[in-house]
Amino acid sequence: MTERKYFEMSAAWPARSQDVADISLRLGEQLLSRIADTEKGSVRDSFRASATSLALWLADNWWRLRWETLRSSHSASSDWRIRHELNSASGGALWPPVMIYSSSDRIVFAPSFGKNTVGGPQQYFDFRVATVDADEYESEVDGFISAVIGHCARDMDGRALAEIFRQVRAERIDPELAGWRRLEACLGFDPDQAPDSVIDALVAFEDTVGEEGVDEAANAYPGTQSPNILRDVIEATRASSVELDLNISHDVDFDSNLPSAASPWMLAEAAAENLREKIGIRRGPLKRQEFADIFRARWDDLKAATATARNLPYCARLSVKDDSSLLSLKTFSAHDRRFELARFLGDAVWCESGTFGVISHAKTDRQKFQRAFAHNLLCPFNDIRQHIDLINPTDEDIDATARKFHVHSTVVRNQLIYKGYLPFENTREEAETV
Numbered sequence: 050m051t052e053r054k055y056f057e058m059s060a061a062w063p064a065r066s067q068d069v070a071d072i073s074l075r076l077g078e079q080l081l082s083r084i085a086d087t088e089k090g091s092v093r094d095s096f097r098a099s100a101t102s103l104a105l106w107l108a109d110n111w112w113r114l115r116w117e118t119l120r121s122s123h124s125a126s127s128d129w130r131i132r133h134e135l136n137s138a139s140g141g142a143l144w145p146p147v148m149i150y151s152s153s154d155r156i157v158f159a160p161s162f163g164k165n166t167v168g169g170p171q172q173y174f175d176f177r178v179a180t181v182d183a184d185e186y187e188s189e190v191d192g193f194i195s196a197v198i199g200h201c202a203r204d205m206d207g208r209a210l211a212e213i214f215r216q217v218r219a220e221r222i223d224p225e226l227a228g229w230r231r232l233e234a235c236l237g238f239d240p241d242q243a244p245d246s247v248i249d250a251l252v253a254f255e256d257t258v259g260e261e262g263v264d265e266a267a268n269a270y271p272g273t274q275s276p277n278i279l280r281d282v283i284e285a286t287r288a289s290s291v292e293l294d295l296n297i298s299h300d301v302d303f304d305s306n307l308p309s310a311a312s313p314w315m316l317a318e319a320a321a322e323n324l325r326e327k328i329g330i331r332r333g334p335l336k337r338q339e340f341a342d343i344f345r346a347r348w349d350d351l352k353a354a355t356a357t358a359r360n361l362p363y364c365a366r367l368s369v370k371d372d373s374s375l376l377s378l379k380t381f382s383a384h385d386r387r388f389e390l391a392r393f394l395g396d397a398v399w400c401e402s403g404t405f406g407v408i409s410h411a412k413t414d415r416q417k418f419q420r421a422f423a424h425n426l427l428c429p430f431n432d433i434r435q436h437i438d439l440i441n442p443t444d445e446d447i448d449a450t451a452r453k454f455h456v457h458s459t460v461v462r463n464q465l466i467y468k469g470y471l472p473f474e475n476t477r478e479e480a481e482t483v
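What follows is the structure, given as structure tokens:
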């Protein structure tokens, strides 16, 4: 018996059809292609559309679908939406309102921004934001495109699809070209559309920040100015007086009992709990000096340190010795600075051997882990539930709990949202927790 795949994209062609197929899209137990026809009073698990049009869209946008993240927590450009929203595919079909984008080693499937504007007698069922391992995504998309090519090989569009897909596969097996294409996508460019000077300038930083550091920097500030911003961030980090010991991150053990598909939030929650065990403060607020002790520093020094990256889009850590790293800071208030420093520690946990780490608003798994780690280190959910009525969490109780734990109320609210006691306000907020 064949084991059922987690991610499935399939097409079934009716008799004598050279292109139009019944196409289904499933992720885990969710059918993203489930559609209700109110006029016929029926429900289908697939939609009927041009399989070639869908395969062409997947192949044309392969690199950006695979490597480009969600750019903004509030909106996205028309260019981004064309590359990532399935209903941008041609063919005039009522495509599922699905957007597909990367979070580095996983691919996210989320409801399209404009899904609520779709009307008419046919309506797709709602679905929750979900992810699939990037390798599984690649394999399934490859199989779908190959099946379409095999069925439509004699059509003109089928031949065009075969040539595009041949080129994409050739790029993927060439390490140097694949790295170039990946970086273009992280920066928000189609293949061969990013200026060579921009890519070359970023690659030149690999000796200092590593390949993953360059990718994180590109995601943190996409576009042609990305290498200039990275240069300024490195300079701000080297100019910082904040040199801290992050070695406690090496002792954090958190993922052995978690499933292989655990989300960054789940990993971060376990890591923060393990770190609290290491320092002997499993419950309650971390007082300011208790927090500073994690870094073997004085809180007054951390609070008074100059924010050398205050005017930059993101900040960073850079290892300067085996036992210490320079940190450029952006924040000023005590609450913000505690959260920022906790993110730096979370980054060291995530990438134990990395000598450079970006702290940004990007939606990569690494950035999600940092944010979730800071949430759970400073304000664990098991403490929150002791102070708030989970059945009826009020703004007053949330604010009071935040004051007790020396965090912003959004930290408490986000914990309640993730645990299911408050609703997500939008798709972007939900995507943060997967």
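End of the sequence shown = 483 in this note's numbering, gap-free, step of one. Glycine included, every Cβ here is placed at the ideal spot set by N, Cα and C.
Tell me, which residues are paired with residue i by DSSP?
| i | result |
| --- | --- |
| G406 | R366 |
| D281 | Beta-bridge pairing links D281 to no other residue. |
| M148 | E134 and A159 |
| A61 | D71 |
| S91 | D86 |
| Q79 | L76 |
| F56 | L76 |
Count the other CB atoms, across all protein chains shown, that sit within 10 Å of the CB of residue i; report buried if there are 16 or more and exposed otherwise.
| i | result |
| --- | --- |
| L427 | buried |
| V369 | exposed |
| A310 | exposed |
| F381 | exposed |
| P276 | buried |
| A269 | buried |
| Q464 | buried |
| E474 | exposed |
| G90 | exposed |
| Q416 | buried |
| M205 | exposed |
| R215 | exposed |
| A358 | buried |
| D245 | exposed |
| S402 | exposed |
| T101 | buried |
Under 8 Å between the Cβ atoms of residue i and residue j?
| i | j | result |
| --- | --- | --- |
| S373 | E318 | no |
| W112 | R218 | no |
| L376 | S298 | no |
| A320 | F405 | no |
| K412 | S127 | no |
| I222 | L210 | no |
| L119 | A480 | yes |
| D175 | R155 | no |
| L394 | L295 | yes |
| L361 | V282 | yes |
| A450 | I437 | The sequence given here has Thr at residue 450, not Ala. A contact, by the Cβ cut-off of 8 Å. |
| F418 | P313 | yes |
| A504 | A196 | What the structure shows of the chain is the stretch from 50 to 483, and residue 504 is not part of that stretch, so it cannot be assessed. |
| W399 | C235 | no |
| V407 | A266 | yes |
| V157 | T180 | yes |
| V301 | L316 | no |
| P27 | L81 | Because residue 27 is not part of the residues shown, which for the chain are 50 to 483, the question remains open. |
| P240 | E233 | yes |
| A227 | T286 | no |
With H, G and I counted as helix, E and B as strand and the rest as coil, what does DSSP make of residue i?
| i | result |
| --- | --- |
| T180 | strand |
| E401 | coil |
| F256 | Sequence inspection shows Asp at residue 256; the Phe mentioned does not correspond to that position. The answer is helix: DSSP assigns D256 an H, G or I state. |
| F381 | coil |
| Y186 | helix |
| I330 | coil |
| Q171 | strand |
| V461 | helix |
| R97 | strand |
| G272 | coil |
| A234 | helix |
| L375 | strand |
| E292 | strand |
| I198 | helix |
| Q419 | helix |
| H299 | helix |
| L143 | coil |
| L439 | coil |
| R347 | coil |
| I248 | helix |
Is any non-hydrogen atom of the ligand NAP found closer than 7 Å to the C-beta of residue i, if you look at the structure I gave you?
| i | result |
| --- | --- |
| E212 | For the ligand NAP, the structure offers nothing, since it holds no ligand at all. |
- Report yes or no: do three or more beta-carbon pairs, one from the segment 56–70 and one from the segment 84–100, lie closer than 8 Å? yes
- Given 8 Å as the limit, is there contact between the segment 341–361 and the segment 259–267, that is, 3 or more CB pairs closer than that? no
- Query: Are the segment 131–141 and the segment 98–110 touching by the rule of at least three beta carbon pairs closer than 8 Å?
  - Reply: yes
- Do the segment 439–446 and the segment 349–357 meet, that is, are 3 or more Cβ pairs less than 8 Å apart? no
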